[in-house]
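Note sheet for the following structure.
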Amino acid sequence: MTDPGFFDAVYQVVRQIPFGRVTSYGAIAKYLGSPQAARMVGWALNKSFDGKGFVPAHRVVNRFGLLTGKNYFGYSDTMKQLLENEGIMVEDDQIQNFEQKFWDPVKEMPEAEV
DNA sequence: GTTATGACTGCGA
DNA sequence: TTCGCAGCCATAA
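FYI, in my numbering the residues of the first sequence are 387 to 500.
Written as structure tokens, this is what we have:
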């Protein structure tokens with residue numbers, strides 16, 4: 387463990403999101419042990435674009451399934467296109483059947499990797 | 001070292 | 001997905 391930092395922790399979790407699945411900032415933050423730090427999760431994803439490995443940030447949305455960060459992808463349709471590319475239905479910047487596509491790291495990743 | 005911001009969440013009305 | 005306000009953690013300036 388050393389000190390991976392909050393950002394790296396977020397990246398690792400996001401990368402574990404299966405194809406065609408999505409999760410919320412709070413779910414990731416909760417997995418990290420601080421559900422209140424959900425805002426930091428979004429911030430980390432924002433930095434994920436900065437010369438770092440690719441992170442499926444488009445699979446991370448707020449708990450309403452709304453593409454709150456679509457604007458950070460450069461063009462509004464980018465995030466939407468990526469989600470649709472994974473078979474996720476997106477309507478009005480909002481994921482359809484969100485709870486059906488929802489992927490909770492706390493439940494799906496009971497052990498992760500330490 | 002302090003202040004302000006943030007891709008959020010939860011609770012009250 | 002009600003709307004509005006406050007809180008919490010971590011990073012950047």
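Just so it is clear, CB atoms sit at the ideal spot from N, CA and C, and this is done for glycine as well.
Check	Outcome
Alpha carbons only, please: which of Tyr397, Gly406 and Phe405 is nearest the one belonging to valine 427?	Tyr397
To the nearest angstrom, how far is the alpha carbon of glutamine 482 from that of methionine 475?	5 Å
So the candidates are Phe440, Val399, Phe450 and Trp429; which of them puts its Cα closest to the Cα of glutamine 486?	Phe450
Between the Cα of asparagine 432 and those of Phe484, Leu468, Met495 and Phe393, spot the shortest distance and give me the residue it belongs to.	Phe393
So, for valine 408: in the same chain, excluding its five sequence neighbours on each side, which residues have a beta-carbon less than 8 Å away from its beta-carbon?	Arg445, Val446, Val447, Gly451, Leu469, Ile474, Ile481, Phe484, Lys487, Phe488 and Trp489
Curious, which full-length alpha helix (DSSP H) runs of at least 4 residues does the region 395 to 482 contain?	411 to 418, 424 to 434 and 462 to 471
In angstroms with no decimal places, state the Cα-to-Cα distance between valine 400 and valine 441.	7 Å
How close, in whole Å, do the beta carbons of aspartate 479 and lysine 456 come, if the pair is a contact with beta carbons under 8 Å?	6 Å
Between the C-alpha atoms of methionine 495 and glycine 419, what's the straight-line distance to the nearest angstrom?	13 Å
Would a C-beta distance cut-off of 8 Å place glycine 439 and alanine 424 closer than the cut-off?	no
Please list the terminal residues of the continuous alpha helix (DSSP H) segment that includes phenylalanine 484.	484 to 487
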